[in-house]
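Structure, as structure tokens:
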Amino acid sequence: MRLEFPKDFLWGAATSSHQVEGSNHNDWSEWEKANADRLARESEQTFSWNPNWNTFRSEATNPNTYISGAACEHYSRYESDFDLAASLGHNAHRFSIEWSRIEPREGEFDEAAIEHYRQVILALRARGMEPFVTLWNWTLPLWLAEKGGVMAPGFSEYFERYTEIIVKALGMDVHFWITLNEPDVYTAHAYLTGAWPPQKHGLISFFRAQSALIHAHRLAYRALKNRFPGSQIGIAKHNIWFEAADNTMWNRLLKWSADMAWNQFFLTRIRNTQDFIGLNHYNHHRIAGWFRKNENIRQTDFGWEYSPESLYHAVTELIPYQKPIYILENGIADASDTLRQEFIPTALTALHRAIAAGADVRGYFYWSLLDNFEWDKGYWLRFGLVHIDYATQTRTIRPSARAYAEVCKTSSLEIEK
Ligand code: FCB
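Residues in the sequence shown are numbered from 52 upward in steps of one, following the numbering used here.
If you want it as structure tokens, here you go:
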């Protein structure tokens, strides 16, 4: 049986600047140098619970794994990488602009860097791929990080000014903008748990950082709309499918609270300044009392539960917003590619079911096109449709990518029964 996706559906994959470009100089690259030894040392403790740990132990305990360095050299190899994506049938692609390249010093904008991203956009258009451009995927110019990052006085206005420069230069060639990537995940790790730079801990800093980002989004939205009223703007929102383990009032109440706090809060606050909902989806949390009780029958290399069907729930829970939905990230870390070959068709079947249930989904971007630098986990997690040999920069298309290519090329999926 063949599942057909809606007309003009967009198919592709996503990346982000710091994770693939290489040679970035920003708050993360500095933090990596100061923290690589610690991360390597702690990995044993942090990940010993992971059933896949033995496979990765030698890589994960090596400090070099935690230095982004040359990454995938995508900054210079983007054309051949886009050739690969085009050969895999992708008709859209999501990437991010690196703020630290555009504004390396406060108020100084680098024309060559802006021109680079213009060429990136033109290279996508030349291959028939619709660009989805993210303005901020977590990394900050050093001067801004030194002032306090997203908590710096005037952060939102700095972001607005950067947005204005970008939209003035590139707006003619871009229709879809994502202002912020996962503001909730970022603020949780950078300001609440203290795992990511600038490693702050505290509920108050978490909420203040969220407010700054909400304000920044609204200003950027207005800056983009003022120049290009027809452009389509959203954020990439990390939503989890929270499932009540049973029908008790208590577990249903906990599910509702988790939805409100994590899934709905940010979206509600920006309700009038988004044209579409961008969904990043990876996780399912089954709630039983205060604990997460996932069945974890299978787990990805990250140790996350393998749960492709949860995409159905994450998507249908967005129907009440009555906006077009784009899946901006969905994928798994799986170095062996065996789970991924099953994951993609299963997730897409769930997505098709969500569309049949009334969700206005218009595109799907697998995370990620390439293996890449996974933040404080470094290089040992592999999310790519395309394998990267970091020693030689050789790209190898994985079998799952070829199966996904058939879906992209036909905009349909053959399933059994
Ligand atoms: C998401 C991030 C993305 C990538 C994936 C695996 O939370 O948006 O940059 O690291 O996780």
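Where a beta carbon is used, it is the ideal one built from N, C-alpha and C, also for glycine.
query	result
Just tell me which of F342, P192, R278 has its CA closest to the CA of L469.	Residue 469 is absent from the model: the chain starts at 52 and stops at 468.
In this structure, does DSSP put Y415 in helix, strand or coil?	strand
I want to know whether the segment 385 to 397 touches the segment 350 to 370 - three or more CB-CB distances under 8 Å.	yes
What are the residues that DSSP puts in a beta bridge with T185?	S147, I229
Kindly indicate the opening and closing residues of the alpha helix (DSSP H) around W79.	78 to 98
Between which two residues does the alpha helix (DSSP H) containing R176 stretch?	162 to 177
Could you tell me whether the Cβ atoms of N290 and N323 are closer together than 8 Å?	no
Is any non-hydrogen atom of ligand 3 found closer than 7 Å to the C-beta of W228, if you look at the structure I gave you?	No copy of ligand 3 occurs in the structure displayed; its ligands are ligand 1 alone.
So which of N298, H226, S463, E457 has the shortest CA-CA distance to G140?	E457
In chain order, which alpha helix (DSSP H) runs of at least 4 residues are fully inside the segment 300 to 354?	300 to 309, 316 to 320
Would you call the segment 75 to 93 and the segment 111 to 119 touching, i.e. three or more CB-CB distances under 8 Å?	yes
Based on the DSSP secondary-structure assignment, which residues constitute the bridge partners of K288?	L330
Less than 8 Å separating the beta-carbons of R278 and V218?	yes
How big is the Cα-Cα spacing for A203 and D422?	33 Å
Rounding to the nearest angstrom, what Cα-Cα distance links P375 and E346 in this structure?	32 Å
DSSP puts I439 in a beta bridge; with which residues?	R446
Counting beta carbon pairs with one atom in the segment 100 to 110 and one in the segment 52 to 68, are three or more of them shorter than 8 Å?	no
Determine the direct distance from the alpha carbon of I383 to that of W187, and round the result to whole angstroms.	22 Å
Is the segment 231 to 245 touching the segment 164 to 180 in the sense that three or more CB pairs, one from each, lie closer than 8 Å?	no
Give the straight-line distance between the Cα atoms of W194 and Y209, rounded to the nearest whole angstrom.	11 Å
Please identify the residue among A196, Y129, R303, Q350 whose C-alpha is closest to the C-alpha of Y168.	Y129
Where does the unbroken beta strand (DSSP E) through R53 begin, and where does it stop?	53 to 55
Select from Y333, I378, T367, D427 the residue whose C-alpha is nearest the C-alpha of A408.	T367
Which residue's Cα is closest to the Cα of F160: R212, F146, C123?	R212
Quick check: does the Cβ of W431 come within less than 7 Å of any heavy atom belonging to ligand 1?	no
Cα separation between A452 and N142?	14 Å
For N232 and W189, which I take to be in contact (beta-carbon distance under 8 Å), what is that distance rounded to the nearest angstrom?	6 Å
Secondary structure at W431, three-state DSSP: helix, strand or coil?	coil
Starting from S463, trace the beta strand (DSSP E) both ways and give me its first and last residue.	463 to 465
Please identify the residue among L54, M52, A65 whose C-alpha is closest to the C-alpha of F434.	A65
Less than 8 Å separating the beta-carbons of R413 and Y363?	no
When the Cα of C459 is compared with those of I229, T443, A295, H144, which residue comes out closest?	H144
Between K344, L264, R337, T351, which has its C-alpha nearest L318's C-alpha?	L264
For G73 versus A121, is the C-beta spacing smaller than 8 Å?	yes
Name the DSSP beta bridge partners of W62, please?	Y415
Using three-state DSSP, classify E380 as helix, strand or coil.	strand
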